[in-house]
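Heads up, the thing below is written out as structure tokens.
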Amino acid sequence: MGNYFIITLRVRSTHWQRTRLAWDDQSRRSFAGPSRK
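Going by the numbering used here, the first residue of the sequence shown is number 6, and it counts up by one from there.
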């Protein structure tokens, strides 16, 4: 039970990191686009 909980936490944290990284990349592009023009 405890081991399964730790694995779930790890999977969720890595998934959250990937989602946040992708969102940061998108926001950077959207912000960089107008400023370059």
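Heads up, the beta-carbon is just placed ideally off N, CA and C, and yes, glycines get one too.
Since this is a predicted model, take the numbers as computed values, not measurements.
Can you give me the C-alpha to C-alpha distance between residue i and residue j, rounded to a whole angstrom?
i	j	result
residue 14	residue 23	14 Å
residue 29	residue 12	26 Å
residue 31	residue 17	21 Å
residue 34	residue 19	23 Å
residue 21	residue 27	10 Å
residue 9	residue 25	24 Å
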